[in-house]
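Numbering (full-length UniProt numbering), first residue to last: 6 to 344.
We treat Cβ as the ideally placed atom computed from N, Cα and C, and that holds for glycine.
Only a predicted model underlies this, so the values are computations on that prediction, with no experimental measurement involved.
First comes the structure, then the notes that go with it.
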Amino acid sequence: KEYTPPSTDLITLTRHVLNDGFNLARSSAASGDLTILLASLQTTCKFIENNVRKASLINLIGQAGNQNVQGEDQKKLDVLSNEIMINALRASGKVAVLVSEEDEEAIIVGEKQEGATFETERGKYCVVFDPLDGSSNIDAGVNIGTIFGIYLVRDGSKGTIEDVLRPGREMVAAGYCMYGSSANLVLTTGNGVNGYTLDNGIGEFILTHPNITLPPRGKIYSINEGNSAYYHEPVLNYLESIKYPKGDRKPYSARYIGSMVADVHRTLLYGGIFGYPEDKKSKSGKLRLLYEAFPMAFLTEQAGGVATTGRGRILDVQPKQIHERCPVFLGSKEDVEEL
Ligand code: P6P
């Protein structure tokens, strides 16, 4: 059921996280740094939303010419969004390590950067992110989004690559902002999942979907069946079982947008299963472990769902390098466990 905030008591994201922080403070040394980091993340999402919203008007659509580390054509909005996030996160003074889908190397904050005019304060958080996921859909106006995951540096560490080569279960927060008919930011800090909608009039993310919880079973499956020729047997058998169900069960509906943020958002709200399996063509699937699979798996588990590689819990995977890929099946518990 949609939450309709009373007109005089707006629960903004910052207020909601502060309450969360307050609860955390009662149980741990929450210094408010995470709240400040999340505030800077909100600012980047507002800035990106603004540019996505007007992209076609100011001709930001189309190729930026250069390629990103994935060898994909980099679109101008990717470049812009990546720069916005790196600058805002650095300036927050709360981060030590940044990993972006758009940059080959991790950024260790506080090291003298080429041509940097100022040293930035190094903080205790590491942020791994995909600044604009689903970019192949930008020109078609399909929903795209920013995905992020946040680790605390390990005890005694100043911030090195090892602080982000850790299983997703060690993340302290994760979320995404989906840019569609409205901007929806969905976040977990380990106490459930909440959704906030940007009110452009006041520039605040307002709590609109408190305590998002997946139904134990859904009626939708979301997978790119164009890859069926490459699928391994277990995936084909599973698809067969939900398309031609036995007994009195009804076939599932197919919904595939091809933008992870949009497909996962619908799965969190309606239930069902989303998958990007490994297959004979892509040995580890296509989605990136650190800044796509981990954050979405954290959110899914916090919403009462299950997220697996097909061999084990996604959040237990030990990353070996920052851009590695991982097979993903996530969604309603009963659906994913049927795989
Ligand atoms: P395919 C978008 O490029 C992306 O990284 C994810 O957002 C999305 O889930 C996936 O790729 C779609 O891949 O091969 O189905 O087009």
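Query                                                                                                                                           : Result
So, are the CB atoms of Tyr130 and Asp38 less than 8 Å apart?                                                                                   : yes
Give the DSSP-derived three-state secondary structure of Ser33 in the structure shown.                                                          : Residue placement at Ser33 cannot be trusted, given a pLDDT of 45 that sits under 50; what the coordinates show is reported in the next sentence. DSSP places Ser33 in coil when its eight states are reduced to three.
What residues in its chain sit with their C-beta under 8 Å from that of Ser45, if we drop five residues either side in the sequence?            : Ala93, Leu94, Ala96, Ser97 and Lys99
Between the beta-carbon of Ser141 and the beta-carbon of Asp83, is there less than 8 Å?                                                         : no
Using alpha carbons as the reference points, say which of Ser105, Glu107, Glu109 and Ala101 lies closest to Gly115.                             : Ala101
According to DSSP, simplified to helix, strand and coil, what is Ala101?                                                                        : strand
Let me check you understand the geometry: is the CB of Ser258 closer than 7 Å to at least one non-hydrogen atom of the ligand P6P?              : no
Name the two residues that bound the continuous beta strand (DSSP E) containing Val177.                                                         : Met176 to Tyr184
How many angstroms separate the CA atom of Thr17 from the CA atom of Asn205?                                                                    : 13 Å
Taking 6 Å as the limit between beta carbons, can you name the residues of its chain near Asp253, skipping five residues before and five after? : none
At which residues does the beta strand (DSSP E) containing Ser227 begin and terminate?                                                          : Ile225 to Ser227
With Leu304 and Thr193 assumed to form a contact (beta carbons below 8 Å), what rounded beta-carbon distance in angstroms separates them?       : 5 Å
Confirm the yes/no value for this check: CB of Gly290, any heavy atom of the ligand P6P, distance under 7 Å.                                    : no
How would you write the range of the beta strand (DSSP E) that Leu292 sits in, first residue to last?                                           : Counting along the chain, Leu292 falls outside any beta strand (DSSP E), and DSSP gives it neither H nor E.
Below 8 Å between beta carbons: does that hold for Ile155 and Ala179?                                                                           : yes
Compute the minimum distance between the beta carbon of Ser233 and the heavy atoms of the ligand P6P, and state whether it is under 7 Å.        : no
Apply the 10 Å Cβ neighbour rule to Leu137 and answer buried if 16 or more other Cβ atoms are within range, or exposed otherwise.               : buried
Over the uninterrupted alpha helix (DSSP H) stretch that includes Thr341, give me the two end residues.                                         : In the sequence on display, residue 341 carries Val and not Thr. Lys338 to Glu342 is the span of the alpha helix (DSSP H), which, as asked, contains Val341.
Using only alpha-carbon positions, find the residue among Tyr226, Lys285, Tyr236 and Thr314 that is nearest to Gly277.                          : Tyr226
Please report the distance separating the alpha-carbon of Thr49 from that of Arg20.                                                             : 18 Å
Going by C-alpha distance, which of Asp340, Thr313 and Gln326 is nearest Ser105?                                                                : Gln326
Ordered along the chain, which non-local residues of its own chain (more than five positions away) have a Cβ less than 7 Å from that of Lys291? : Tyr281 and Arg330
Taking its Cβ as the centre, do 16 or more other Cβ atoms sit within 10 Å of His237, making it buried, or is it exposed?                        : exposed
Which full runs of the beta strand (DSSP E) of 3+ residues lie inside the stretch 104-173, going along the chain?                               : 130-138 and 149-157
Tell me, please, which residues DSSP counts as bridged to Leu244.                                                                               : Answer is none; Leu244 lacks a bridge partner.
With which residues is Asp204 paired in a DSSP beta bridge?                                                                                     : Glu209
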